[in-house]
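Each remark here refers to the structure printed beneath this line.
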Amino acid sequence: MDKTADPCEDFFQYACGEWNRIHIIPEDKSSYNTFEKLHDELQVKLKGLLEESSPKPYDTESTLKAKVLYQSCIDTNIIEVVGDKPVHAILKDMGGWPVLDPSWSTDQDWQFEKLLGKLRKVYNAPILLESWVAPDDKNSSVYIVQLDQPTLGMPSREYYLKDMDLEYKQAYFKYMTQIATLLGAESDEAARQMQLVLDFEIALANITTPQIERHDTGAMYQKLSLRELRNKVPQFDWMTYFKTYLPVNVTEDEEVVSMAMEYIHKLGNLIVATDKKTLTNYCLWRLLLGLSPEMTEKFQKQRGEYLRVLQGVSRDKVRWQKCIEYVNERMGMAVGKLFIKDYFRKESKDTALEMIHNLREAFNEILMESDWMDDETKAVAMEKANAMNERIGYPEFILNATELDKIYAGLQFNSSAYFENVLKVEAHGAYQNLKQLRETVKKDQWHQDPAVVNAFYNPNMNDIVFPAGILQPLFYSAEFPKSLNYGGIGVVIGHEITHGFDDKGRQYNKEGNLRQWWNNETIERFREQAQCTIDQYSKYTLEPFGYSINGRNTQGENIADNGGLKESYRAYQKWVKRNGEEQPLPGIDLNHNQLFFLNYAQIWCGIMRDEEALHKIRTSVHSPGPIRVLGPLSNSHEFAEVYQCRSGSRMNPVHKCSLW
Ligand SMILES: [Zn+2]
């Protein structure tokens, strides 16, 4: 806290001034905040678990595999001895990287679609087209192939298209040429060919649709057969592409869902206009870029230089941290099984369930009181809120060794072949996703990793998920007074419930199907209310950097933040009514209502570098921490009341926005 700050003028400074003063951003990070601190603490716990030698009674095949994967990652001596051989082997497997080979040419069998399909299937690298198997947004009980515009090598399209980003582009270009040179390219030739690759990627960035125009899921969604796709975009051989990577047979009648038809049209033309050599150079560059964090030391050095410019970091992460992160991301359920054994108490699940019920009750009341929604829609909305599935801690199946081991059955690791292990993980990850195509969706199952500090709402499952990693202080503790738990995990629960009714979530019904279940008039009123939030946030700037918030890109999260805070405060008041006032905390001159808001704000304590601020503003759907405090609190009448902020002060503006 910073008690010298006026809570009615700058509550972020009041709540976080001290935290921000005593913490520094570590050299290997571009920001540091309470989430990252919790994440770091979690890493230490996972390190202890994965470094346990010799099999323990609770180990299963999967947890042992996770330990071998970790060992292979941590042993940099062996990684150096193995060297670049496996990297050259995959380039050879892909027909060669033209920049390394002056005699590179294509034979009669060569087809660009096969190259892309193989990258998707074997290396889990969806380049030029994002493609995956997931439940159909309009029929959530059936799996379907989905297509979307891809990610780029740098974090977003702006990095390629804005003049002010010359520095980033230069660093990226340097990184490309260095990787090529390290792998044996002649340096002039590397610079010449990589310039063509960068020019191609700039053209690619240009044909992607800006995020700001991608909010209406219903308008983006298009279901079509492969035959129709071929008729619309004949420049691309769709059948060959899908047949190369899908593990099941498909015909021209197979239906797919496209979320980016305009992009796909333009992509067809761009591919035709680009020579084969540049296309191949680009695709394999992107494959190498993705794998480069796992390559040998000399590559890490160049990567470090690139990240210094891109993120402002001055050194690489410590090896064990990288390895823990890697194993937890790729084998999350196995790691989660070890984690919950020591760090998750059954009581937390019961308390979380009880809180969810109170939050839902509060949401339903607010819903009934809203003056912009018609009664009929209200009734259906309440049904949707009541139908939300609650997922807490970890999915039950990970307690069953047979079930858990099934997920990783195809994986066999070698403790002295890290890079090969990485390739196995990628191929396995691709297969696990794609094989679902002919399976039925198991609605009672969920697959969010347990050991993460985050929470989720899945629109087409209509479920809210609170992994074990978030059910800990600051968010939650059995020892905390309820005011802190409601200001912490309570707001997070409310936030996730509200996602079911934000600009995106509202388009899905209670079964998780994209379907219009609101009448046009109510939709119009929703848009008016949402516009208030968009305008409000668009006026905010992130200080001291001076970047403006993109109110449109962040609207869903802002709606969820505002709703979550309001619902949780109400739920806490109801709890007090039922159970009586809580005892004041000794030595603290704040009452529990004030503590509720203080804990909410302190979740967002944190500091960041300029590079990270820009990155967040451009790519994140979330507002940055200080804005997540400023926005919701200045819309809250209750906050103004408990901190006695005069009307017109910065934290209690006269004009307020409210949706839920
Ligand atoms: Zn959210």
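Position 123 (the sequence shown) corresponds to 123 in UniProt numbering; numbering is contiguous. Think of the CB as a built atom: it goes at the ideal place given N, C-alpha and C, for glycine as much as any other residue. The structure presented is a predicted model; accordingly, all values stated were derived computationally and were not measured.
Quick one: is residue i buried, meaning 16 or more other Cβ sit within 10 Å of its Cβ, or exposed?
i	result
residue 661	Residue 661 lies beyond the stretch modelled for the chain, which goes from 1 to 660, so this question has no answer here.
residue 664	An answer regarding residue 664 cannot be provided, because it is not within the stretch 1 to 660 covered by the chain.
ASN520	exposed
GLY563	buried
HIS655	exposed
VAL44	exposed
HIS357	exposed
GLU567	buried
SER53	exposed
GLN149	buried
GLU201	buried
TRP575	buried
PRO126	buried
PRO584	exposed
THR377	buried
TRP660	buried
ARG628	buried
GLY410	exposed
TRP372	exposed
I'd like to check one pair, residue j with residue i: are the Cβ atoms closer than 9 Å?
i	j	result
SER636	TYR547	no
THR217	GLN507	yes
PRO57	LYS277	no
GLY556	HIS499	yes
THR194	TRP104	Correcting the residue type first, residue 194 is Met in the shown sequence and not Thr. Not in contact: MET194 and TRP104 (Cβ atoms no closer than 9 Å).
residue 672	ILE179	No statement about residue 672 is possible, as the shown extent of the chain runs from 1 to 660 and does not include it.
MET1	LEU598	yes
VAL452	LEU42	yes
GLU130	LEU152	no
ASP59	LYS67	yes
ASP253	LEU226	yes
VAL248	ARG438	yes
TYR600	LEU565	yes
LYS174	TYR306	yes
SER30	MET382	no
TYR643	PHE12	no
What whole-angstrom Cβ distance do residue i and residue j have, given they're in contact under 8 Å?
i	j	result
THR554	VAL621	6 Å
ILE271	GLY336	Their Cβ separation, rounded to whole angstroms, is 41 Å, which puts ILE271 and GLY336 out of contact at 8 Å.
GLY117	THR280	At roughly 14 Å, the Cβ-Cβ gap does not stay under 8 Å, so GLY117 and THR280 are not in contact.
CYS8	CYS645	4 Å
LYS266	ILE207	4 Å
ASN389	ASP316	About 40 Å separates the two Cβ atoms, so there is no contact after all.
GLY488	PHE475	4 Å
GLY625	TYR32	With 8 Å as the limit, GLY625 and TYR32 do not qualify as a contact, their Cβ atoms being about 11 Å apart.
THR296	ILE78	Rounded, the Cβ-Cβ distance is 11 Å, inconsistent with contact.
GLY408	LYS65	Contrary to the premise, residue 408 reads as Tyr rather than Gly in this sequence. Going by Cβ atoms, the distance from TYR408 to LYS65 rounds to 6 Å, so yes, they are a contact pair.
ALA334	SER62	4 Å
GLN235	SER258	Contact flag wrong, Cβ pair sits at about 15 Å.
ASN558	SER623	6 Å
VAL327	LEU69	5 Å
TYR123	ALA134	So it is not a contact: roughly 20 Å between Cβ atoms.
ALA185	GLU347	In fact, because the Cβ distance is near 59 Å, the residues do not count as touching under 8 Å.
LEU183	LEU434	Between LEU434 and LEU183 the Cβ distance is about 29 Å, and since that is not below 8 Å, they are no contact.
ALA455	VAL492	5 Å
Are any of the Cβ atoms in chain C nearer than 9 Å to that of residue i?
i	result
VAL313	The chain inventory of the structure shown lacks chain C, comprising one protein chain alone.
From the DSSP output, which residues share a beta bridge with residue i?
i	result
THR440	VAL142
ARG391	VAL465
ASP136	ASN139
TYR32	ILE607
ARG130	Strictly speaking, residue 130 in this sequence is Glu, with Arg absent from that position. In the DSSP output, where bridge partners are listed per residue, GLU130 has ASP148.
THR541	SER548
PHE456	VAL465
GLN222	SER258
SER483	Answer by DSSP bridge pairing: none, since SER483 is not bridged.
LEU514	TYR508
ASN652	SER649
Practice task
Please confirm if the stretch 465–483 is in contact with the stretch 498–518, defined as three or more CB-CB distances below 8 Å between the two stretches.
Solution key: no
Exercise for the section: Specify whether the stretch 399–408 and the stretch 357–366 touch according to this definition: at least 3 beta carbon pairs, one from each stretch, less than 8 Å apart. Expected result: no
Handout entry: Validate contact between the stretch 35–50 and the stretch 311–324 using beta carbons, cut 8 Å, 3 pairs
Key = yes
Exercise for the section: Report yes or no: do three or more beta-carbon pairs, one from the stretch 86–96 and one from the stretch 412–425, lie closer than 8 Å? Expected result: yes
Practice task
Would you check if the stretch 584–594 and the stretch 475–486 touch, i.e. whether three or more CB-CB distances between them fall below 8 Å?
Solution key: yes
Practice task
Tell me, please, whether the stretch 440–448 touches the stretch 376–395 by the rule of three or more beta-carbon pairs shorter than 8 Å.
Solution key: yes
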